[in-house]
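**Q**
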Amino acid sequence: MKLQRSANREFIPIIVSTMHAVKAVYADTSGVGCFRCMKDHMKNHINDQRDIMFKDATKAVKGHLNKMCSNLEQSMENKVDHIFGFTQMDYVKKELRDQIKALLMDVDTQFKNTANGEYQNLVDEDDFDAGELIDGIIVDDEDGEDAFESADEESKDDSEGDPGLEVGPDMDVDDVASDE
Numbered sequence: 041m042k043l044q045r046s047a048n049r050e051f052i053p054i055i056v057s058t059m060h061a062v063k064a065v066y067a068d069t070s071g072v073g074c075f076r077c078m079k080d081h082m083k084n085h086i087n088d089q090r091d092i093m094f095k096d097a098t099k100a101v102k103g104h105l106n107k108m109c110s111n112l113e114q115s116m117e118n119k120v121d122h123i124f125g126f127t128q129m130d131y132v133k134k135e136l137r138d139q140i141k142a143l144l145m146d147v148d149t150q151f152k153n154t155a156n157g158e159y160q161n162l163v164d165e166d167d168f169d170a171g172e173l174i175d176g177i178i179v180d181d182e183d184g185e186d187a188f189e190s191a192d193e194e195s196k197d198d199s200e201g202d203p204g205l206e207v208g209p210d211m212d213v214d215d216v217a218s219d220e
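The working numbering puts the sequence shown at residues 41 to 220.
1. Inspect the CB distances between the segment 97 to 108 and the segment 43 to 56 and report whether three or more fall short of 8 Å.
2. Does the separation of the CB atoms of Gln-89 and Thr-69 fall below 8 Å?
3. Nearest by alpha-carbon distance to Val-65: which of Lys-79, Ile-55 and Pro-53 is it?
4. With a threshold of 16 other CB atoms inside 10 Å of the CB of Ile-123, please say whether the residue is buried or exposed.
5. Would you decide whether Asp-54 is buried or exposed? Buried here means 16 or more other CB atoms lie within 10 Å of its CB.
6. Between the C-alpha atoms of Gln-114 and Asp-121, what's the straight-line distance to the nearest angstrom?
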């Protein structure tokens with residue numbers, strides 16, 4: 041609104057500058073019939089300068105309005121970019137939430153099945169050989185022992201070989217460290 045009022049005010053300086061020449065004639069006019077003479081002079085000047093005055097005034101206002109439109113256009117583009125950025129961010133957040141929700145639902149289903157005793161073959165037997173390590177644990181020995189039995193036997197073998205590292209059920213880890 042402020043820019044629009046400013047554009048309307050652009051007419052006045054053009055008209056004033058065009059009428060400035062008549063003002064000099066008014067200052068020199070005096071005597072009987074001077075008002076009539078001023079009126080005639082004004083009328084003739086306006087008739088002569090009307091087209092020029094109108095074109096100059098509209099050119100100035102047009103320039104101001106074009107500037108106002110470009111400012112509005114820039115402002116609207118900035119607002120659209122701002123809104124687009126927020127919309128895009130909201131969309132990406134929603135997509136990520138949906139993907140995370142789907143992953144959590146899948147994990148939840150797997151845990152429910154395990155809790156209900158419905159064990160699935162999570163690892164195919166054809167994918168690894170007997171005695172192969174998965175995450176550092178022996179899954180299956182050639183003798184058919186499971187990982188816990190073989191790990192228990194290995195710990196007994198280690199403790200028999202070094203009597204200084206024996207830890208009994210009534211001993212604490214700190215006790216073993218103090219013996220060394």
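Even for Gly, the Cβ is constructed at its ideal location relative to N, Cα and C. Computed from a predicted structure; not experimentally measured.
**A** For this structure:
1. yes
2. no
3. Lys-79
4. exposed
5. The sequence given here has Ile at residue 54, not Asp. Burial call: buried.
6. 10 Å
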